[in-house]
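Here's the structure, in structure tokens; my notes come after.
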Amino acid sequence: MNHIIETTIRRNNRVLLLICLGMLMIVGAAAALNYRFLVNWVLGPAQPTHSEIAAITDLAQVERPYITITGNDVYETGVTLNRTEKNTNNETVIANYLAVLIGKDRLLLVKTNATESESTFTGVLVPAPAEVIDMILSDAETAEQKENLQNAFMPVMLDSVDDFRGHGWLGIGIGVLVSLVALAGLALWFHRFTDMSTHPIADNLKRLGQLESVITQIELELASPHDQVRGLHFTSNFVVLTSRINLDAARLADVAWAFKQITQHRTYGIPTGKTYAAVIKDRTGHQIILTGPEKDINAALENLQRRAPWIVMGYSQDLESSWNNQRDSFLAAVEQRKQGIA
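The sequence shown begins at 1316 in our numbering and counts up one residue at a time.
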């Protein structure tokens, strides 16, 4: 015996395991790539000394770019970041650029919503925008003053406008959520791995009778010669739909209604093709759906009708209404047809 049902369940479980592990790997990779950001976000702003700030020449070597700094003095540069309203063309100041004295002779450019009355700022060190420095230097009255200012300004800027921790909440929240989903998936995988009867495939087969007996009977009939259209198997007592990671079945004696479903696909209102499916419904309301080329769908339904001539074949809105609203009468009519054929 090939144990098709057990193999399918294990393969389905393996897919769940790989998905969950993949999710955790993605979260881990994202955390590794953003390690410095996470460290700064968790530990909060560092408080480096003026000499440590003044010594910065390369941001890539700064482990804690999220800092709080208090300057010896603060100067207005006259440069602002403005936003132009679309409707009125009015400009609104959304940030100021201040020069903060670090040590005795270094100037740190600070992008802030504050004014020069404040001297303590918290933000992230980023490269100083060359265009802003040029605008500040353009106000120098002499070449010597311009050179002195250029030498005084550090190559980095403190951005206290950007919400560093706020951005972190979103990313970390997503990472935690994905991790929790993955861990829940792993718990589900372990539960199904240790008890296959809890798997949805097995749980679905329980409606057909005692699980072990149903599985044994289906396995035996699948191993015997039988008709098959694509993944739909017609055995002595069952209609079984198989794929690599799924399996569905219905007792042939319980099949009550079957029809061909045609879906017209459109793109921007233009027909782009059709897809076909055989829909098979049993007495419990469960349905099996086989998709494929129209000729295969027709062949599957013809095979089914030969084996179960009592079933209602074809679709109409009246039939759907009767199935949904008067199921007992629908099934009674099918049973009467079945008895008449017998």
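Using N, Cα and C, we set each Cβ at its ideal position, and we do this for glycine too.
CB of residue i within 7 Å of CB of residue j, strictly
{"i": "ALA1414", "j": "VAL1476", "result": "no"}
{"i": "LEU1473", "j": "LEU1416", "result": "no"}
{"i": "LEU1537", "j": "VAL1529", "result": "no"}
{"i": "MET1628", "j": "GLN1641", "result": "no"}
{"i": "ILE1516", "j": "LEU1562", "result": "yes"}
{"i": "ALA1286", "j": "PRO1470", "result": "Look at the range of the chain in this structure, 1316 to 1657, and you will see that residue 1286 is not part of it."}
{"i": "TRP1356", "j": "GLY1488", "result": "no"}
{"i": "ARG1545", "j": "ASP1478", "result": "no"}
Residues near residue i by beta carbon distance below 7 Å, same chain, minus five either side
{"i": "THR1427", "result": "ALA1410, ASN1411, LEU1413, PHE1436, SER1475 and VAL1476"}
{"i": "LEU1646", "result": "ALA1571 and ARG1598"}
Length of the line joining the Cα atoms of residue i and residue j
{"i": "THR1323", "j": "ALA1375", "result": "51 Å"}
{"i": "GLN1539", "j": "LEU1333", "result": "At residue 1539 the sequence reads Ser, which differs from the Gln that was named. Cα to Cα, the separation comes out at about 33 Å."}
{"i": "PHE1553", "j": "PHE1505", "result": "30 Å"}
{"i": "TYR1390", "j": "LEU1492", "result": "45 Å"}
{"i": "GLY1393", "j": "ARG1421", "result": "18 Å"}
{"i": "ASN1387", "j": "ILE1368", "result": "13 Å"}
{"i": "ALA1467", "j": "GLY1418", "result": "11 Å"}
{"i": "LEU1495", "j": "ALA1455", "result": "57 Å"}
{"i": "THR1578", "j": "GLN1651", "result": "32 Å"}
{"i": "LEU1634", "j": "SER1644", "result": "11 Å"}
{"i": "VAL1330", "j": "GLY1343", "result": "20 Å"}
{"i": "GLN1460", "j": "ILE1371", "result": "23 Å"}
{"i": "LEU1535", "j": "ARG1326", "result": "20 Å"}
{"i": "MET1316", "j": "PHE1574", "result": "Per-residue confidence for MET1316 stands at a pLDDT of 49, beneath the threshold of 50, marking its modelled position as unreliable; no derived number is given."}
The beta strand (DSSP E) enclosing residue i, as first and last residue numbers
{"i": "LYS1589", "result": "1585 to 1597"}
{"i": "VAL1555", "result": "1553 to 1557"}
{"i": "GLN1579", "result": "1570 to 1582"}
{"i": "ILE1603", "result": "1602 to 1607"}
Beta-carbon proximity list for residue i, same chain, < 6 Å, skipping 5 on both sides
{"i": "LYS1653", "result": "TRP1625"}
{"i": "VAL1447", "result": "VAL1394 and TYR1412"}
{"i": "THR1606", "result": "ALA1592"}
{"i": "SER1551", "result": "GLU1536"}
Contacts around residue i, its chain only, beta-carbon distance under 8 Å, and the 5 residues preceding and following it disregarded
{"i": "GLN1362", "result": "ILE1382, THR1383 and ILE1384"}
{"i": "THR1587", "result": "HIS1580 and ARG1581"}
{"i": "VAL1354", "result": "GLU1378 and ARG1379"}
{"i": "ARG1622", "result": "PHE1549 and LEU1567"}
{"i": "THR1513", "result": "HIS1506 and ARG1507"}
Counted within 10 angstroms of its Cβ, other Cβ atoms place residue i as buried (16 or more) or exposed
{"i": "GLY1438", "result": "buried"}
{"i": "ILE1595", "result": "buried"}
{"i": "LEU1498", "result": "exposed"}
{"i": "PRO1608", "result": "exposed"}
{"i": "ASN1404", "result": "exposed"}
Residue range of the alpha helix (DSSP H) that includes residue i
{"i": "ILE1341", "result": "1319 to 1348"}
{"i": "ASN1466", "result": "1458 to 1467"}
{"i": "ALA1369", "result": "1365 to 1369"}
{"i": "LYS1653", "result": "1642 to 1656"}
{"i": "ALA1445", "result": "1445 to 1452"}
{"i": "ARG1421", "result": "No alpha helix (DSSP H) contains ARG1421, which is instead part of the beta strand (DSSP E) from 1421 to 1427."}
{"i": "HIS1506", "result": "1479 to 1509"}
Cβ of residue i within 7 Å of any chain C Cβ
{"i": "LEU1396", "result": "Of the protein chains in this structure there is only one, and it is not chain C."}
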